[in-house]
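The structure under discussion appears below in the form of structure tokens.
Residue numbers (the numbering used here): 9 to 392.
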């Protein structure tokens, strides 16, 4: 692949790729948090995403913080960073959705080393001498690719992920770079990757490959509520939407919903954005209107109706039929330990139902696109 055929120059791709190995310490504030994560959709006879995996490591500023009910040291703003080596504690989390059941495999705090040369390692040695946790590093077999390993009681994962570099979403993208006195945000997103590797999962060991999403997030404002969707179709095309919002969910703790469906739906969007990306060299189709609306079901989790549109007449609508759920949540003591702030990041694995839309002159439905699957985030609380 030459520079003339890639979305941007290799020099620009390399510049963004190298930012993965920094959490931008010069931008961090007392409310800062950082995380690195993979969301993986293995390929099977239905397409991508009937099964899903996530591996992540995360930290936030604080003397002590509680992540998924485990106390651990928080990120120290005064920590020394020498020769590109940044050390801090992080929580490693890994889960697997087998299409019917969620398996929460990994929950391990560990002293973590972020090396600007190209790695982040987060391992905690156990009493039996085996380390649990994970690492991400620059691949030795693919240029501008990521190699990753994770280990938990009874299993492990080793895989590589890379982008084809023929579009914005198949390339590493510095999607946000905001730095102000009050705070800011720095995101590196790689939304349309290929992955391949060996996974020792609850049902046994297998080789998996498919489409994945990677993100390195440096959030230098309080963690806030949002709704986010990422979905994949059998031809590799992707859809995504993002809606930060405010509502009474700001004050919610734990996993619960209002008694009234209308109350649950009563939120104010602070922004609306979405996009469609065909697989292959192409430009995104952008949506400037987006809504993700929860609807109660007979089960413990809601379904969601997702709707997006733009001024050109492109639109998409479907029901996210929720098949699984997991949570990642952070509590931080404030006011000398007298109070705690809480932020809950809920993930729902879903199957698309009642898909209807049009992109350009192409009708979008199950007959034209096949069965789509996705992951939907519905977060609440406020991490002060």
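All C-beta atoms, glycine included, are put in the ideal place defined by N, C-alpha and C.
Just so it is clear, the structure is predicted and the values come from calculations on it, not from any experiment.
Inspect the beta-carbon positions of residue i and residue j and report whether they are closer than 8 Å.
i: residue 167; j: residue 183; result: no
i: residue 124; j: residue 29; result: yes
i: residue 68; j: residue 48; result: no
i: residue 352; j: residue 263; result: yes
i: residue 171; j: residue 148; result: no
i: residue 282; j: residue 298; result: yes
i: residue 176; j: residue 15; result: yes
i: residue 255; j: residue 231; result: no
i: residue 316; j: residue 239; result: no
i: residue 378; j: residue 242; result: yes
i: residue 50; j: residue 89; result: no
i: residue 273; j: residue 251; result: no
Let me know the secondary structure DSSP gives residue i once reduced to three states.
i: residue 294; result: strand
i: residue 425; result: With the chain covering 9 to 392 only, the question about residue 425 has no answer from this structure.
i: residue 85; result: coil
i: residue 286; result: coil
i: residue 116; result: strand
i: residue 121; result: strand
i: residue 336; result: strand
i: residue 260; result: coil
i: residue 212; result: strand
i: residue 375; result: helix
i: residue 26; result: helix
i: residue 273; result: helix
i: residue 392; result: coil
i: residue 344; result: helix
i: residue 35; result: helix
i: residue 300; result: strand
i: residue 15; result: coil
i: residue 395; result: There is simply no residue 395 to check, as the chain begins at 9 and stops at 392 in what is shown.
i: residue 94; result: strand
i: residue 185; result: strand
i: residue 111; result: strand
i: residue 267; result: coil
Could you name the residues of the same chain whose beta carbon sits closer than 7 Å to that of residue i, not counting the 5 residues immediately before and after it, in chain order?
i: residue 311; result: 303, 305, 327, 328, 329, 330
i: residue 313; result: 301, 303, 327
i: residue 205; result: 165, 166, 167, 168, 216
i: residue 361; result: 326, 327, 329
i: residue 244; result: 219, 287
i: residue 35; result: 187, 192, 194, 226, 228
i: residue 113; result: 102, 103, 104, 160, 163
i: residue 285; result: 175, 177, 200, 245, 246, 292
i: residue 190; result: none
For residue i, which residues in the same chain have their Cβ closer than 8 Å to its Cβ, ignoring the five residues on either side in sequence?
i: residue 308; result: 333
i: residue 319; result: 296
i: residue 342; result: 348, 349, 392
i: residue 109; result: 332
Rounded C-beta distance between residue i and residue j? I'm assuming under 8 Å.
i: residue 391; j: residue 39; result: 7 Å
i: residue 380; j: residue 323; result: With a Cβ gap of about 15 Å, residue 380 and residue 323 do not count as contacting.
i: residue 127; j: residue 141; result: Wrong, their Cβ atoms sit about 13 Å apart, outside the cutoff.
i: residue 52; j: residue 211; result: About 13 Å; that fails the 8 Å criterion.
i: residue 370; j: residue 363; result: That belief does not hold up - the Cβ atoms of residue 370 and residue 363 are roughly 13 Å apart, past 8 Å.
Which same chain residues, not among the five before or five after residue i, have their C-beta less than 6 Å away from its C-beta?
i: residue 257; result: 233, 388
i: residue 31; result: 42, 226
i: residue 350; result: 261, 339, 389
i: residue 208; result: 163, 164
i: residue 122; result: 94, 128
i: residue 152; result: 21, 25
i: residue 386; result: 235, 354
i: residue 27; result: 196
TODO: Spell out a yes or no on whether the segment 227-243 and the segment 129-147 are touching, meaning 3 or more CB-CB pairs, one atom from each, closer than 8 Å.
DONE: The segment 227-243 and the segment 129-147 do not touch, with fewer than 3 CB-CB distances between them shorter than 8 Å.
Open item on the list: Quick check: the segment 59-66 against the segment 92-111, are at least 3 beta-carbon pairs closer than 8 Å?
Closed with: yes
Task: At least three beta-carbon pairs within less than 8 Å, the segment 215-233 to the segment 50-60 - done: yes
- [ ] Could you tell me whether the segment 186-197 touches the segment 224-231, where touching means 3 or more Cβ pairs closer than 8 Å?
- [x] Touching, per the Cβ criterion.
Open item on the list: Any contact between the segment 338-349 and the segment 277-293? By contact I mean 3 or more CB pairs, one from each, below 8 Å.
Closed with: no
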